[in-house]
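Visitor:
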Amino acid sequence: MRRSKVGLALGCVVLIAVILLGAERPTIDLVSFEEIADRAGIHFTVRNSATPEKHQIETMISGVAVFDYNNDGKPDIYFVNGATVPGLERPDASYRNRLYRNNGDGTFTDVTMGAGVPGDGYGMGVAAGDFDNDGHVDLFIAGVNRNILYRNRGDGTFEEVTAKAHLEGIDPRLGKLWSIAAGWFDYDNDGFLDLFVVNYVIWDPSKERFCGDPANHVRSYCHPRYYQGLPNSLYHNNGDGTFTDVSKSSGIANHVGKGMGVAFADYDHDGRMDVFVANDTEPNFLFHNEGGGKFREIALQAGVAFNDDGRTVSSMGADFRDYDNDGNEDVFVSALAGETFPLFRSLGNGGFRDATYGSGVASLTYRWNGWSNGIFDLNNDGLKDLFVARGDVQIAPPKTLEANCILLNRGDGTFADFSKQAGSSFQQVGHHRGAAFGDFDGDGRIDVVVTRLDGPAELFHNTSPAPNHWLDFRLVGKRSNRDGIGARIRVVGISGREQYNHVTTSVGFGCSSDRVVHFGMGKDTAARLVEIFWPSGTHQQLTSIAADRVVTVEEPAPAIPKK
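Residue numbers for the sequence shown follow this note's numbering, so the first one is 4 and each next one is one higher.
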């Protein structure tokens, strides 16, 4: 429904109070980034093969993954690329996906061909996760009529096992699907990662409709309303290298949307991971995990299907984390200009409240176009901030080139735009799309890698000056999945401040971030208590953990026997 007059009046009162009390707000620690991709040896450009036919897929690529493929403790980068459109082929090396190995000295080396992961077809998104619990992170690439599963052999190379794993992405009724994003999570807590694939619309390159001005023969990209949406796909991991499509039996396939981003969290803390799907111009989905292999779609009841105006938005990326340190996971969604970037705050009772206006995010983002996004503490002050890769959806004139944005968490429920203060090299403009997060140089500050259409990828090295402390956790599951995906972590600093986060790699729009869980500690030099709630149900406690380091924690349980 539309915002009522009472609601608008209350919003004005809140805004006036915020302005009057502005001087009493806590001081914000600065954040800054230096763009270093060229110096680091990363030379990648997304090739979307834009054509006069204005194919719908051309505006939407591509995703990027941050993951440690060779277990040397240094996060590596995998970029997804496009192809020539007519047959979705890759005619030359410029269209390859790219794997860059982190050398540990501030540089990266392109190891794509040696590792055997050049990709195929027109790619969209990527998901990293150890699906076979062998200690080596694997890759799933979501694409247009072609999905790929690369199994990490553990010797620096990968093998394609898509057909063997039964993950080709073919619907019995609809045929090959256009998949945009994917994510790994263990929905039944059996110790093996399952796969959720986000599908967009039915699209055939040979039947692209004409949109634009027919009288003057001026073609434009079509609005999503001209395409039929698709249900998403859920694949159960059988534990033997194969997967079973359980989309229908689980209830996932009963709901048709136009999916863009996916994020996971156990938002009601019942021990089962739930799924949020950002839908483009359609109501968002929140799939509540009912147990027994069943999901119930409850976005409307929970308050995350629409924004506070009762409208759908062009939902792009999504992240599902606790931004206000109350122990409840919130949802942050990116969208297009004129819509704002919705921020849904969990009420802790299974419901959410649209905090976009009250937090200041609405006024800051109303004129922006956003794609991949994330909720991460970028200045290590103990408060999670908001990052969005920005870019106009239209890539042909008239078009707008945009710089990425950072909204810093004030700690009072509101955010401040610090994008322009983040450094001159952070102001690079373009059609940004993907964004993934990780600490590439091990200095305890979260860095960001961003893709942009027809422009070089950006690697933003975090140079934030505040001397804040940090604490990272790399979990190793025994009874739970080896990556520890789904594990919730509570950290209590020596000051008494509590923080919460959880293990996930699925973030933003078609992207995958490092599975290491990051906590900014502010002035706290240690955590007096760390609690880990593993997917298996195991509850683990650690005490007196010094800050400024990565702590590897093994689950105190026997290893799962391989099936």
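Note that CB positions come from ideal geometry on N, CA and C, so glycine has one too.
Alpha carbon to alpha carbon, how far is F344 from T315?
Guide: Roughly 12 Å between the two C-alpha positions.
Visitor: Please work out which residues of its chain come closer than 7 Å, Cβ to Cβ, to F421, disregarding the five sequence neighbours upstream and downstream, and give them in chain order.
Guide: Excluding sequence neighbours, F421 sits near V34, I409, L411.
Visitor: Does the separation of the CB atoms of S161 and L142 fall below 8 Å?
Guide: Looking at the sequence itself, residue 161 is Phe, so the reference to Ser does not match. Yes. Within cutoff.
Visitor: Count the other CB atoms, across all protein chains shown, that sit within 10 Å of the CB of N352; report buried if there are 16 or more and exposed otherwise.
Guide: Burial call: exposed.
Visitor: Nearest chain B C-beta to L303 closer than 8 Å, yes or no?
Guide: Annotation note: the requested chain B is absent from the structure, which comprises a single protein chain.
Visitor: To which residues of the same chain is F570 closer than 6 Å at the C-beta, ignoring the five residues directly before and after it?
Guide: This structure cannot settle anything about residue 570, because the visible part of the chain is limited to 4 through 566.
Visitor: State the DSSP-derived secondary structure class of E61, mapped to helix, strand or coil.
Guide: Reduced to three states, the DSSP call for E61 is helix.
Visitor: Counting C-beta neighbours from all protein chains within 10 Å, is the total for S570 16 or more, i.e. buried, or is it exposed?
Guide: In this structure the chain extends from 4 to 566, so residue 570 is not present and cannot be described.
Visitor: Can you find the residues in the same chain that come closer than 6 Å, C-beta to C-beta, to N192, ignoring five residues on each side of it along the sequence?
Guide: Result list for N192: P538, in chain order.
Visitor: DSSP beta-bridge partners for F433?
Guide: The sequence given here places Gly at residue 433; Phe does not occur at that position. Looking at the DSSP assignment, G433 forms a beta bridge with E405.
Visitor: Have a look at E558, P468, L350, N331 and flag the residue whose alpha-carbon is nearest the alpha-carbon of R493.
Guide: It is N331.
Visitor: Measure the Cβ-Cβ separation of W374 and R299 and say whether it is below 8 Å.
Guide: It is not a contact, given that the beta carbons lie outside the stated cut-off.
Visitor: Quick one: give me the first and last residue of the alpha helix (DSSP H) that A43 is part of.
Guide: Looking at the DSSP string, the run of the alpha helix (DSSP H) that includes A43 is 40-43.
Visitor: Let me know if V307 comes out buried or exposed under the rule of 16 or more other beta-carbons within 10 Å of its beta-carbon.
Guide: With 16 or more Cβ atoms within 10 Å of its Cβ, V307 is classed as buried.
Visitor: Any idea what DSSP makes of R228, helix, strand or coil?
Guide: It is helical.
Visitor: Between the segment 122-134 and the segment 196-211, do three or more beta carbon pairs fall short of 8 Å?
Guide: As far as the Cβ criterion goes, the segment 122-134 touches the segment 196-211, which means the pair count is three or higher.
Visitor: When you compare the CB positions of R149 and L233, do they come within less than 8 Å of one another, or not?
Guide: No; because the gap between Cβ atoms is not below 8 Å, this pair is not in contact.
Visitor: Can the beta-carbon of V204 be found closer than 8 Å to that of Y230?
Guide: Yes. Within cutoff.
Visitor: Tell me where the alpha helix (DSSP H) around S250 begins and ends.
Guide: Note, S250: alpha helix (DSSP H), 250-253.
Visitor: Do the segment 498-518 and the segment 542-559 make contact, defined as three or more Cβ pairs closer than 8 Å?
Guide: Verdict: no, contact absent.
Visitor: Along the chain, where does the beta strand (DSSP E) that runs through V265 open and close?
Guide: Looking at the DSSP string, the run of the beta strand (DSSP E) that includes V265 is 262-268.
Visitor: Just to confirm before moving on: does the CB-CB distance between A118 and G159 stay below 8 Å?
Guide: Yes. Within cutoff.
Visitor: Around the C-beta of S318, are 16 or more other C-beta atoms found within 10 angstroms, so that it is buried, or is it exposed?
Guide: S318 should be labelled buried.
Visitor: Label Y81 either buried or exposed according to how many other C-beta atoms from any shown protein chain fall within 10 Å of its C-beta, with 16 as the threshold for buried.
Guide: Per the 10 Å Cβ criterion, buried.
Visitor: In whole angstroms, what is the alpha-carbon distance linking D380 and S427?
Guide: So the two alpha carbons sit approximately 21 Å from each other.
Visitor: Helix, strand or coil for Y98, going by three-state DSSP, please let me know.
Guide: In this structure, Y98 counts as helix in the three-state DSSP scheme.
Visitor: Indicate the three-state DSSP secondary structure (helix, strand or coil) for S318 in the structure shown.
Guide: In this structure, S318 counts as coil in the three-state DSSP scheme.
Visitor: Less than 8 Å between the CB atoms is what I'm expecting for T54 and Y224, so what's the real figure, rounded?
Guide: Not confirmed; about 11 Å, so no contact.
Visitor: For the beta strand (DSSP E) that A281 lies in, which residues bound it at each end?
Guide: Looking at the DSSP string, the run of the beta strand (DSSP E) that includes A281 is 277-282.
Visitor: Report the three-state DSSP secondary structure of L303 (helix, strand or coil).
Guide: Three-state DSSP puts L303 in a helix.
Visitor: Have a look at G363, G394, L386 and flag the residue whose alpha-carbon is nearest the alpha-carbon of N376.
Guide: Among G363, G394, L386, the Cα nearest to that of N376 is on G394.
Visitor: Would S366 be called buried (16 or more neighbouring beta carbons within 10 Å of its own) or exposed?
Guide: It is exposed - the Cβ of S366 has fewer than 16 other Cβ atoms within 10 Å.
Visitor: Quick one, which of M524, S498, L532, S515 has its alpha-carbon nearest H472's?
Guide: Of the candidates M524, S498, L532, S515, the one whose C-alpha sits nearest the C-alpha of H472 is M524.
Visitor: Short of 7 Å in beta carbon distance, which residues of its chain neighbour A168, apart from the five on each side in sequence? Order them along the chain.
Guide: Excluding sequence neighbours, A168 sits near L152, G244, T245, F246.
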